[in-house]
Amino acid sequence: MTFKLPELPYAYDALQPYMSKETLEYHHDKHHQAYVDTGNKLLAGTELEGKSVEEIVKASYGKNQPLFNNAGQHYNHLHFWNWMKPNGGGAIPGAIEKKIVSDIGSVEKFKEDFVQAGVGQFGSGWAWLALKNGKLEIMKSPNGENPLVHGATPILGVDVWEHSYYIDYRNRRADYLKAFVENLVNWEYVEKLFNEAT
Ligand SMILES: [Fe+2]
169 MTFKLPELPY
179 AYDALQPYMS
189 KETLEYHHDK
199 HHQAYVDTGN
209 KLLAGTELEG
219 KSVEEIVKAS
229 YGKNQPLFNN
239 AGQHYNHLHF
249 WNWMKPNGGG
259 AIPGAIEKKI
269 VSDIGSVEKF
279 KEDFVQAGVG
289 QFGSGWAWLA
299 LKNGKLEIMK
309 SPNGENPLVH
319 GATPILGVDV
329 WEHSYYIDYR
339 NRRADYLKAF
349 VENLVNWEYV
359 EKLFNEAT
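First residue of the sequence shown? That's 169 in this note's numbering, and the numbers climb one at a time after it.
Below you can see the structure in the form of structure tokens.
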């Protein structure tokens with residue numbers, strides 16, 4: 169099988185009180201598992217079988233929408249689990265902070281714009297910090313779409329599908345996004361992706 173569900177990189181209750189055990193159980197064990205299972209079924213017998221997740225996402229975009237939806241969501245969630253950690257948020261690694269200040273204006277503006285991108289994404293989707301043509305940009309996308317299909321490399325993303333926050337925050341998406349930025353982001357993982365992309 170090309171797509172495989174990874175283990176969470178922390179215990180299910182490790183992100184409390186910002187993200188509950190119940191949310192992670194449903195989100196990882198049910199939602200991500202469904203993208204993996206449906207993605208594998210849709211991939212079977214196509215010429216993309218055995219390619220990397222990134223290649224499948226890019227190649228299926230605009231050509232095979234059902235496969236793209238599931239492959240995109242698999243890619244997004246693979247990173248999403250790693251974009252969070254217990255006791256996350258806090259200081260941004262120096263090189264990224266410098267790049268945020270030069271490309272976006274300030275750390276405060278990055279946080280505001282990132283939260284606003286998530287709040288402003290109508291319906292399901294994602295908000296992103298991505299590197300495009302050497303510059304960091306805030307982006308947002310609907311459903312399973314991501315910056316890969318817009319010529320950019322995501323280095324941070326947040327899931328704004330209701331399954332990501334409704335158990336813990338009900339309809340308060342902005343509160344979820346603020347908690348994500350201030351208390352959940354795993355900046356070491358963001359730094360790893362930033363270094364790989366530059
Ligand atoms: Fe999700």
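Heads up, the beta-carbon is just placed ideally off N, CA and C, and yes, glycines get one too.
Identify the residues that DSSP records as bridge partners of residue i: which are they?
i	result
SER309	TRP294
VAL353	MET252
LEU304	LEU299
Go through its chain and collect everything with a Cβ distance to residue i's Cβ below 8 angstroms, but skip five positions before and after it.
i	result
GLY218	THR170
HIS242	PHE171, HIS200, TYR203, VAL204, GLY207, VAL221
PRO254	TYR178, ALA182, LEU183
In three-state DSSP terms, what is residue i?
i	result
PRO322	strand
LYS189	helix
VAL328	coil
LYS360	helix
LEU316	helix
ASP181	coil
GLN289	coil
TYR333	coil
Going along the chain, which residues of its own chain have a beta-carbon closer than 7 angstroms to the beta-carbon of residue i, five neighbours each way excluded?
i	result
TYR229	PHE236, VAL317
GLY256	ASN351, LEU352, VAL353, ASN354
LYS346	VAL283
GLY177	Correcting the residue type first, residue 177 is Pro in the shown sequence and not Gly. TRP249, ASN250, listed in sequence order.
LEU361	ILE323
So, are the CB atoms of residue i and residue j less than 8 angstroms apart?
i	j	result
GLY291	LYS308	no
Completely contained alpha helix (DSSP H) runs for the stretch 197-281, where each covers 4 or more residues: If we require 4 residues or more, the alpha helix (DSSP H) runs fully inside the stretch 197-281 come out as 201-211, 221-228, 233-250, 262-272.
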